[in-house]
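For the sequence shown, the working numbering gives the first residue as 4, with consecutive numbering after it.
All C-beta atoms, glycine included, are put in the ideal place defined by N, C-alpha and C.
Quick caveat: nothing in here was measured; it's all calculated off a predicted structure.
Accompanying notes for the structure given below.
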Amino acid sequence: MNRSGIAQRMLKNHRRFLRPAKLNLVSLMDIFTILVFFLLINSGNNEILKVSKHIRLPDSVAEQPPDSTITVMVTETSVIVDGRAVATMEDIIESDGIIPGLAEELNYIASKRTQLTEDEQVRGRAITILGDQAIPYEILKRVMMTCAKSNYRDLSMAVTRVANAGA
């Protein structure tokens, strides 16, 4: 029995549609791999402050996580503002209260952003101080006084969060 050309074409198409579809998984796996890496990289910030291994912060049961602000790190040998050393311990000891290198750096950072929010006008600019727990209070007091004189009056002290023993 001879079939017409149209009938042969229809039979061929029917046979092709009855075969199971093939799925190219290589492209799909590439997309999921990229998605997994993207989610891992952007999965949140568990550690907001970058703490040097040379600083041992005091322990606290603080509930509120710190905001992202300018950080002043006080080590046993120097004062570092956002990764840049601005004063040594000798400079702090020789100063009469205000630390010149720290004040100069804070004023420079403040000059880059002159517009203050209403909260900053009332409370002052925000700053976080990371001080080793072995640093004498007199040194921390001079750092805090220098920050306050440079209009960074919203001071926060960085601590290591520990579980609340009373709860």
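A residue is called buried when at least 16 other Cβ atoms come within 10 angstroms of its Cβ; L105 meets this threshold and is buried.
Taking C-beta atoms under 8 Å as the contact rule, I73 and I130 qualify, at a distance of about 5 Å. Minimum Cα-Cα distance from L133 among the listed residues T78, R116, I95, P103 corresponds to T78. When the Cα atoms are used, S153 and T80 turn out to be separated by approximately 22 Å. Counting of Cβ neighbours within 10 angstroms places T149 among the buried residues, the total reaching 16 or more.
Rounded to whole angstroms, the gap between the alpha carbons of Y111 and V29 is 53 Å. Contact check for I102 against V146 passes: the beta carbons are separated by less than 8 Å. Nearest to S159 by C-alpha distance, out of R19, K15, N5, M76, is M76. Exposed is the label assigned to R116, since fewer than 16 other Cβ atoms lie within 10 Å of its Cβ. Shown here, T131 sits in a strand according to DSSP, grouped into three states.
Of all alpha-carbon atoms in Q11, L109, S114, G8, the one lying nearest the alpha-carbon of D85 is that of L109. For I142, the closest alpha carbon among the candidates F20, Q118, D99 is that of D99.
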